[in-house]
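A short write-up of the structure that comes next.
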Amino acid sequence: MSFDTLGLSADLLRAISEQGYTEPTPIQRKAIPVVLEGKDVLAGAQTGTGKTAGFTLPLLQQLSVTPVNNGHNGRRPIRALVLTPTRELAAQVGDSVQTYGRHLPLQSAVVFGGVKINPQIAKLRRGVDILVATPGRLLDHANQKTLDLSQIEILVLDEADRMLDMGFIHDIRKIMAMLPDKNARQTLLFSATFSNEIKQLANRLLNSPELIEVARRNTTAETIAQRVHPVDKNRKRELLSHMIGTHNWRQVLVFTRTKHGANRLSQQLEKDGLTATAIHGNKSQGARTRALADFKNGKVRVLVATDIAARGLDIDQLPHVVNFELPNVPEDYVHRIGRTGRAGNEGEAISLVCVDELKLLRDIERLLKRELPNEVIEGYEPDPRIKAEPIQNGRNGKGRSQPRNQNRGRNQSRSSTKPSAEAPRKSRSNSSEENRSQAKPAHRHVKSGNSAVKRPSRPGRVREIPALLGGGFRDE
Ligand code: AMP
Numbered sequence: 051m052s053f054d055t056l057g058l059s060a061d062l063l064r065a066i067s068e069q070g071y072t073e074p075t076p077i078q079r080k081a082i083p084v085v086l087e088g089k090d091v092l093a094g095a096q097t098g099t100g101k102t103a104g105f106t107l108p109l110l111q112q113l114s115v116t117p118v119n120n121g122h123n124g125r126r127p128i129r130a131l132v133l134t135p136t137r138e139l140a141a142q143v144g145d146s147v148q149t150y151g152r153h154l155p156l157q158s159a160v161v162f163g164g165v166k167i168n169p170q171i172a173k174l175r176r177g178v179d180i181l182v183a184t185p186g187r188l189l190d191h192a193n194q195k196t197l198d199l200s201q202i203e204i205l206v207l208d209e210a211d212r213m214l215d216m217g218f219i220h221d222i223r224k225i226m227a228m229l230p231d232k233n234a235r236q237t238l239l240f241s242a243t244f245s246n247e248i249k250q251l252a253n254r255l256l257n258s259p260e261l262i263e264v265a266r267r268n269t270t271a272e273t274i275a276q277r278v279h280p281v282d283k284n285r286k287r288e289l290l291s292h293m294i295g296t297h298n299w300r301q302v303l304v305f306t307r308t309k310h311g312a313n314r315l316s317q318q319l320e321k322d323g324l325t326a327t328a329i330h331g332n333k334s335q336g337a338r339t340r341a342l343a344d345f346k347n348g349k350v351r352v353l354v355a356t357d358i359a360a361r362g363l364d365i366d367q368l369p370h371v372v373n374f375e376l377p378n379v380p381e382d383y384v385h386r387i388g389r390t391g392r393a394g395n396e397g398e399a400i401s402l403v404c405v406d407e408l409k410l411l412r413d414i415e416r417l418l419k420r421e422l423p424n425e426v427i428e429g430y431e432p433d434p435r436i437k438a439e440p441i442q443n444g445r446n447g448k449g450r451s452q453p454r455n456q457n458r459g460r461n462q463s464r465s466s467t468k469p470s471a472e473a474p475r476k477s478r479s480n481s482s483e484e485n486r487s488q489a490k491p492a493h494r495h496v497k498s499g500n501s502a503v504k505r506p507s508r509p510g511r512v513r514e515i516p517a518l519l520g521g522g523f524r525d526e
């Protein structure tokens, strides 16, 4: 099936073919005609499925075919708003709007925190049709009256589950109060998971939406090989360096649970002679952009990231993702491994799991509805005498920090605060005591003369993530 059956204009089709896309992805096939009909959409789609073009293309078309009502101040009004949880995702969506809209006379802007607000204000003054924003900085602008959201025709909430996880619900409510009523606008909500909170949000924001759910892109050809390597906590770094070196991996994205852990690991890897850098919310926006660029162009071999900082990163053909530590929230595992195997390319997702993390591993396997292949690397066998200990989630070891302060005064400048993209989320899985009491027998350990001993419990290819697909929306 080609793009030209979807009802898109010649200018958009030209931009699509200039991108080299020949066929719409499943989410694009389903979402584009529905959005073009003007309907609200509730879509279950992860990053990597092509969802950005799925909403950006019809949004651009809708705006280009309907006449502009000039705002009350005579200025060109903002007609479409795309909200994203992180700066990186905002920047990427902004790039897509520019790319796909390059032959249309529409203006767009991206606003997020951590950078100066004045250039954003200047851009908004010149007139913008489409605004891509993170919630915090958008509210800063609204408070300073540097933008008006009363003429919004299309609202997109991208990665809505992550916005809620990051504690943005309060901000989202405030923003909604500035928009036209849900009957007077078109709303598209994208989310990888569907908790009760997301359903409630959808009920409030959407008007008789069409439900669209898709499998990950290229479901049948999708090839993310997943593997668990049991290893003691204090030997993980050594094993990671060993694997990068012996397999000669050139581009590896590594996940840690904490910002401090990301910094420490990247420094240790540098000491091991590997080029590494960390990306997380305590880094300035400039440092984050630089780290990503260095990683993309091959200057840096290992990018160590926290979950939220990595959210939305779109790195073409990323071959290796390593979970140096398993995430507290099982859904984050799905997001993490979604960084690889994109656009049909092969990818490998490896988890280094110590005895403390067996409960987290089991939560993940429950979500995936399958056991992950398990392989002990010879020379790195876990010491059976080591007992599980509580998982430390912060530098002071006191567990996860408090949710974002939702009562913070709006006049308090966000740009001077810690970057919003690293705002903590609520914990859905922790309890180390529970970990210990429920931990399953340590590992399926097999020995042989080879350096790596494999005994996959099931074939090592993931074709789909059943818990996120089909069978309706999942309750948490
Ligand atoms: P997304 O899920 O929106 O983050 O997109 C994932 C990746 O797929 C991005 O690198 C897009 O440029 C790419 N992409 C989107 N649509 C298509 C398509 N129809 N054909 C090939 N690649 C695409």
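Following the numbering used here, the numbering of the sequence shown begins with 51 at its first residue and continues without gaps. Note that CB positions come from ideal geometry on N, CA and C, so glycine has one too.
Closest residue to residue i among the options (Cα-Cα distance)
{"i": "residue 299", "options": "330, 335, 312, 351", "result": "351"}
{"i": "residue 61", "options": "152, 83, 190", "result": "152"}
{"i": "residue 164", "options": "322, 147, 187", "result": "187"}
{"i": "residue 202", "options": "252, 55, 215, 109", "result": "109"}
{"i": "residue 319", "options": "303, 376, 196, 57", "result": "303"}
{"i": "residue 209", "options": "335, 94, 280", "result": "94"}
{"i": "residue 281", "options": "116, 414, 402", "result": "402"}
{"i": "residue 193", "options": "171, 249, 324", "result": "171"}
{"i": "residue 228", "options": "150, 131, 321", "result": "131"}
{"i": "residue 174", "options": "155, 156, 154, 197", "result": "197"}
{"i": "residue 343", "options": "142, 168, 287", "result": "142"}
{"i": "residue 407", "options": "422, 376, 387", "result": "376"}
{"i": "residue 59", "options": "111, 92, 79", "result": "111"}
{"i": "residue 116", "options": "100, 136, 87", "result": "87"}
{"i": "residue 83", "options": "98, 70, 53", "result": "53"}
{"i": "residue 195", "options": "419, 306, 168", "result": "168"}
{"i": "residue 334", "options": "217, 241, 199, 137", "result": "137"}
{"i": "residue 85", "options": "331, 261, 336", "result": "261"}
{"i": "residue 405", "options": "426, 385, 397", "result": "426"}
{"i": "residue 75", "options": "57, 92, 98", "result": "98"}
{"i": "residue 292", "options": "431, 322, 308, 330", "result": "322"}
{"i": "residue 81", "options": "72, 57, 71", "result": "57"}
{"i": "residue 423", "options": "279, 431, 128", "result": "279"}
{"i": "residue 218", "options": "251, 340, 114", "result": "251"}
Whole-angstrom C-beta distance between residue j and residue i, which should lie under 8 Å
{"i": "residue 276", "j": "residue 368", "result": "That belief does not hold up - the Cβ atoms of residue 276 and residue 368 are roughly 15 Å apart, past 8 Å."}
{"i": "residue 158", "j": "residue 177", "result": "At roughly 11 Å, the Cβ-Cβ gap does not stay under 8 Å, so residue 158 and residue 177 are not in contact."}
{"i": "residue 224", "j": "residue 189", "result": "6 Å"}
{"i": "residue 327", "j": "residue 353", "result": "6 Å"}
{"i": "residue 410", "j": "residue 378", "result": "7 Å"}
{"i": "residue 387", "j": "residue 274", "result": "6 Å"}
{"i": "residue 239", "j": "residue 207", "result": "5 Å"}
{"i": "residue 332", "j": "residue 309", "result": "5 Å"}
{"i": "residue 100", "j": "residue 128", "result": "Their Cβ separation, rounded to whole angstroms, is 25 Å, which puts residue 100 and residue 128 out of contact at 8 Å."}
Identity of the residues DSSP links to residue i by a beta bridge
{"i": "residue 94", "result": "241, 263"}
{"i": "residue 423", "result": "Per DSSP, none; premise fails for residue 423."}
{"i": "residue 397", "result": "274"}
{"i": "residue 280", "result": "403"}
{"i": "residue 207", "result": "133, 239"}
{"i": "residue 373", "result": "305, 401"}
{"i": "residue 158", "result": "180"}
{"i": "residue 352", "result": "302, 326"}
Cβ-based neighbour list, residue i, same chain, cut-off 6 Å, excluding 5 preceding and 5 following
{"i": "residue 237", "result": "90, 205, 255, 256"}
{"i": "residue 400", "result": "277, 372"}
{"i": "residue 501", "result": "Unreliable positioning characterises residue 501 in this predicted model, as indicated by a pLDDT of 36, which lies under 50. The coordinate reading is nonetheless provided below. Answer for residue 501: 428, listed in chain order."}
{"i": "residue 381", "result": "243"}
{"i": "residue 263", "result": "94"}
{"i": "residue 140", "result": "134, 160, 162, 182, 184"}
{"i": "residue 313", "result": "328"}
{"i": "residue 287", "result": "318"}
{"i": "residue 349", "result": "none"}
Own chain residues within Cβ distance below 7 Å of residue i, not counting five before or after
{"i": "residue 146", "result": "102, 103, 106"}
{"i": "residue 486", "result": "With a pLDDT of 27 at residue 486, under the threshold of 50, the predicted position of this residue should be treated as unreliable, and no value is reported."}
{"i": "residue 67", "result": "none"}
{"i": "residue 226", "result": "255"}
{"i": "residue 306", "result": "312, 315, 354, 356, 374, 375"}
{"i": "residue 234", "result": "none"}
{"i": "residue 324", "result": "291, 294, 351, 352"}
Chain-order list of residues whose beta-carbon lies under 8 Å from that of residue i (same chain, five-residue window excluded)
{"i": "residue 433", "result": "282"}
{"i": "residue 64", "result": "153"}
{"i": "residue 211", "result": "241, 242, 243, 244, 245, 248, 381"}
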